[in-house]
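One structure is given here, and the rest of the page talks about it.
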Amino acid sequence: MPAAPAGTAASGEHTHWKSKQYLQKLPACVFFDAVGAASVFGGEIADVVYAPLYAYLVYLMFQSKRLAFVGFLKELLLFTDVIPYMTILWLLETWLPDHYLVRCCGITHPRSHPYEGDARGPDLSAVEPFLKTAAAAK
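Here UniProt numbering is used: position 2 in the sequence shown is 2, and no number is missing along the way.
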């Protein structure tokens, strides 16, 4: 098999990216959307608590402050909890990354920002010291 041209991924890398993308990021998106939709039963107080976390997760998974801000607003506004925002972003990122309107929204191809988490969500090890500090303060 000939070597891959410079600047392109070998077929093994492409397959690895696809398995990582489809098998790990999508379930995490669906899960976080389901948690957001379940906050309908917790009232607006649950939305106020979940909105910053949701925005941070959108930022970690899609590397866009603009999308994170929209996710934050989506969780705060009434009757928008049922919109599967992260799942829609995943679909746009996966199937239409080169479309003009998608790029204007700040969505880029996953190869430009590889997802380092697993099906349970992004890796939060960078946030862990802050979580320990907050827990110790209680």
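Just so you know, even glycine gets a beta-carbon here, dropped at the ideal spot from N, CA and C.
Next item on the list: With DSSP as the reference, label A3 as helix, strand or coil.
Entry: Mapped onto the sequence shown, residue 3 falls at position 3. Confidence at A3 is low in this model, with a pLDDT of 48, below 50, so the placement of that residue should be treated as unreliable; the coordinate-derived value is given next. When DSSP states are grouped into helix, strand and coil, A3 belongs to the coil group.
Item checked: Length of the line joining the Cα atoms of L91 and G71 -> Within the sequence shown, residue 91 is the residue found at index 91, counting from 1. Within the sequence shown, residue 71 is the residue found at index 71, counting from 1. Near 16 Å, if we compare the C-alpha coordinates of G71 and L91.
Margin query: What ranges does the alpha helix (DSSP H) occupy inside the region 70 to 102, keeping only unbroken runs of at least 4 residues that lie completely in it?
Written below: 85 to 95
Note to self: With a threshold of 6 Å on Cβ separation, who are the neighbours of residue 156 within its own chain once the five nearest residues in sequence on each side are excluded?
What the structure shows: Past the boundaries of the shown model lies residue 156; the chain is included only from 1 to 138, so the question cannot be answered.
Notebook entry, point to check: Does DSSP classify F41 as helix, strand or coil?
Noted result: Numbered from 1 along the sequence shown, position 41 holds the residue referred to as residue 41. F41: coil per DSSP, three-state reduction.
Next item on the list: Count the CB pairs spanning the region 96 to 107 and the region 41 to 59 that are closer than 8 Å, and state whether there are at least three.
Entry: no
Notebook entry, point to check: Among T87, E75 and P52, which one has its Cα closest to the Cα of F62?
Noted result: As a first step, residue 62 must be located in the sequence shown, where it is residue number 62. The shortest C-alpha separation from F62 is found at T87.
Margin query: Measuring only the C-alpha atoms, how far is G36 from C105?
Written below: Here residue 36 is taken as the residue at index 36 of the sequence shown, counted from 1. Here residue 105 is taken as the residue at index 105 of the sequence shown, counted from 1. Looking at the backbone, the Cα of G36 and that of C105 are separated by about 22 Å.
Note to self: If I measure Cβ to Cβ from A51 and keep anything under 7 Å in the same chain, skipping five residues before and after, which residues do I get?
What the structure shows: Here residue 51 refers to the residue found at position 51 of the sequence shown. The beta carbon of A51 is closer than 7 Å to those of F72, E75 and L76 in its chain, skipping five residues each way along the sequence.
Check: Taking Cβ positions, are V40 and D81 nearer each other than 8 Å?
Finding: Here residue 40 corresponds to residue number 40 of the sequence shown, with the count starting at 1. Here residue 81 corresponds to residue number 81 of the sequence shown, with the count starting at 1. Yes; because the gap between Cβ atoms is below 8 Å, this pair is in contact.
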